[in-house]
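**Q** Residue numbers (UniProt numbering): 1 to 213.
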């Protein structure tokens, strides 16, 4: 049975023109060895990993586990990669300057129509001790403006009186709202949310650009 599941995974991966390394990254796995074991039937696919694979490959978990092709419900959609300036103009000037130069990146994540990608800059969200999650400079995060933001969630926000776009962790502590970095070195400080801050959306996914490697 494991061999049949592995063959389905391999066939789906190859039909999407993904390498094992690329698919493993989309699933959030550090190395492709787990995927390789799944494909050769050396390891049982658990329900959580079946869901991750289904989302990345655009099928249902049932199809991964049982070959049920009656419902392939996860569709891939593309969302624009916005720069800081584009976000500021769109949010506060009402101007959408998307054009033929705007890059789009796919995702099977179910998100709102206004969702967009944002490239992380700097090292404030990169954990210095290897603690997960960590968001190094250059990684892309998918932002959903329609998703509710709760304490502990990651978000993209406008800070410093509409002059900067930042990616931080949203925390409520002692009755106050904070934007916290993942990097705990002294260089990076928490920001208390006030009238100069605005939360733009919840981060629901992170991935590297396919052209990164």
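Glycine included, each C-beta is placed from N, C-alpha and C at the ideal position.
Leaving aside the five residues before and after residue 121 along the sequence, list all residues of the same chain whose C-beta is less than 7 Å from its C-beta, in chain order.
**A** Walking along the chain shown from the start, residue 121 turns up at place 121. If the five residues before and after residue 121 are omitted, its C-beta is found closer than 7 Å to the C-beta atoms of 137, all from its own chain and listed in chain order.
**Q** Please say whether residue 161 and residue 107 have beta carbons closer to each other than 7 Å?
**A** The residue you call residue 107 lines up with position 107 of the chain shown. The residue you call residue 161 lines up with position 161 of the chain shown. Result no, Cβ atoms of residue 107 and residue 161 do not sit closer than 7 Å.
**Q** Counting along the chain, where does the beta strand (DSSP E) carrying residue 80 start and finish?
**A** Along the chain shown, read from residue 1 onward, the residue named residue 80 stands at position 80. First-last of the beta strand (DSSP E) with residue 80: 77-82.
**Q** Answer with buried or exposed for residue 71, where buried requires no fewer than 16 other C-beta atoms within 10 angstroms of its C-beta.
**A** Translated into positions along the chain shown, residue 71 becomes position 71. Annotation note: pLDDT 49 at residue 71 (below 50); position unreliable, coordinate value reported separately. By the beta-carbon neighbour count (other beta carbons within 10 angstroms, threshold 16), residue 71 is exposed.
**Q** Residue 128 to residue 68, Cα distance in whole Å?
**A** Position 128 of the chain shown, counted from the start, is the residue given in the question as residue 128. Position 68 of the chain shown, counted from the start, is the residue given in the question as residue 68. One C-alpha to the other measures close to 44 Å.
**Q** Whole angstroms are fine: how far does the CA of residue 20 sit from the CA of residue 11?
**A** What you label residue 11 is simply residue 11 of the chain shown in a count that begins at 1. What you label residue 20 is simply residue 20 of the chain shown in a count that begins at 1. C-alpha separation (whole angstroms): 12 Å.
**Q** Which partner residues of residue 201 appear in the DSSP bridge assignment?
**A** Within the chain shown, residue 201 is the residue found at index 201, counting from 1. Answer is 156.
**Q** What whole-angstrom Cβ distance do residue 23 and residue 50 have, given they're in contact under 8 Å?
**A** By 1-based counting over the chain shown, the position of residue 23 is 23. By 1-based counting over the chain shown, the position of residue 50 is 50. Taking a contact as a CB-CB distance under 8 Å, the pair residue 23 and residue 50 does not count as one, their CB atoms being some 13 Å apart.
**Q** Quick one: grab the DSSP three-state call for residue 206.
**A** Indexing the chain shown from 1 puts residue 206 at position 206. DSSP places residue 206 in strand when its eight states are reduced to three.
**Q** Which residue from 65, 54, 28 and 31 puts its Cα closest to that of residue 41?
**A** Mapped onto the chain shown, residue 41 falls at position 41. Of all alpha-carbon atoms in 65, 54, 28 and 31, the one lying nearest the alpha-carbon of residue 41 is that of 65.
**Q** Assign residue 39 to buried or exposed, taking buried as 16 or more other Cβ atoms, counted over all protein chains shown, within 10 Å of its Cβ.
**A** For the purposes of this step, residue 39 is identified with residue 39 of the chain shown, where counting begins at 1. Residue 39 sits buried, since 16 or more C-beta atoms from the chains shown fall within 10 Å of its C-beta.
**Q** Going by DSSP, which residues form a beta bridge with residue 177?
**A** Counted from its first residue, the chain shown places residue 177 at position 177. Partner(s): 172.
**Q** Short of 6 Å in beta carbon distance, which residues of its chain neighbour residue 78, apart from the five on each side in sequence? Order them along the chain.
**A** In the chain shown, residue 78 corresponds to position 78, counting from 1. These residues qualify, in order along the chain: 104 and 106.
**Q** Which of the three DSSP states, helix, strand or coil, is assigned to residue 147?
**A** What you label residue 147 is simply residue 147 of the chain shown in a count that begins at 1. Coil, per DSSP.
**Q** Among 119, 62 and 43, which has the Cα closest to the Cα of residue 80?
**A** Here residue 80 corresponds to residue number 80 of the chain shown, with the count starting at 1. Checked all of 119, 62 and 43; the closest Cα to residue 80 is 119.
**Q** How many Å lie between residue 150 and residue 44 at the Cα?
**A** In the chain shown, the residue the question calls residue 150 occupies position 150. In the chain shown, the residue the question calls residue 44 occupies position 44. Each residue's Cα considered, the two are about 34 Å apart.
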